[in-house]
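Residue numbers (the working numbering): 36 to 162.
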C-alpha cells in the first residue's frame, strides 16, 4: 500500500523543495500539495494522507493550528512542522500536539529522521 504525504506551504517554491527532498528519500511515496490550511482541509476531504509536512508561517491559519486540526481528525498521523522560525516556543508547541519539527530549508538530511520514524509507525500500524 503506497504512503501519501501532504505538503502544506504557502510558497510554491518551498513545496517543490520539500517534494524533492521527499522524493530523494522515498521515491515511491505519493505526495499531495496545498498552498494554505483551507486548501489542505479540502485535499484531506477527498484524499486522506498518511503523514503531513506543514509550514508554520502561513496566512489565515498557522501550521500549528492546522496540525492541531489534523490531530483531531487523525490522532496517529505523523506530522512535521517545517519552518525557518526556530524558536523554543514553536518547538514546544509542536511537541505538545505530537508534531515533529524540521528546520527550513527542507533538505533530505533534515527530513530523513522524521520520515524514517513515520515509516516505522505506519508499518507497525498496518501490520
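Virtual Cβ for every residue (Gly too), placed ideally from N, Cα, C.
For residue i, which option in the options has the closest C-alpha, if you only look at C-alpha atoms?
i, options, result
"residue 86", "73, 115 and 96", "115"
"residue 113", "122, 119, 54 and 103", "103"
"residue 120", "138, 111, 66 and 108", "138"
"residue 164", "83, 45 and 57", "The requested residue 164 does not occur in the structure, where the chain is confined to residues 36 to 162."
"residue 63", "154, 160 and 159", "154"
Tell me the DSSP secondary structure of residue i in three-state form.
i, result
"residue 77", "helix"
"residue 66", "strand"
"residue 44", "coil"
"residue 138", "strand"
"residue 121", "coil"
"residue 38", "coil"
"residue 132", "coil"
"residue 90", "strand"
"residue 115", "strand"
Between residue i and residue j, what straight-line distance do the alpha-carbon atoms span, to the nearest angstrom?
i, j, result
"residue 99", "residue 89", "8 Å"
"residue 52", "residue 77", "22 Å"
"residue 82", "residue 156", "20 Å"
For residue i, I'd like the list of residues in its chain whose CB is within less than 6 Å of its CB, leaving aside the five on either flank, ordered along the chain.
i, result
"residue 136", "116, 126 and 129"
Which same chain residues end up closer than 8 Å to residue i when comparing Cβ atoms and leaving out the 5 residues on each side of it in sequence?
i, result
"residue 145", "56, 137 and 138"
"residue 95", "71, 72 and 73"
"residue 65", "37, 38, 39 and 40"
Pop quiz: residue i and residue j are said to be a contact at Cβ under 8 Å. What is the actual Cβ separation, rounded to whole angstroms?
i, j, result
"residue 106", "residue 132", "5 Å"
"residue 48", "residue 143", "Contact doesn't hold; Cβ gap of about 17 Å is too wide."
"residue 160", "residue 111", "6 Å"
Only counting the same chain, and skipping five residues up and downstream in sequence, which positions put a Cβ closer than 7 Å to that of residue i?
i, result
"residue 75", "41, 43, 69 and 101"
"residue 84", "39, 40, 41 and 67"
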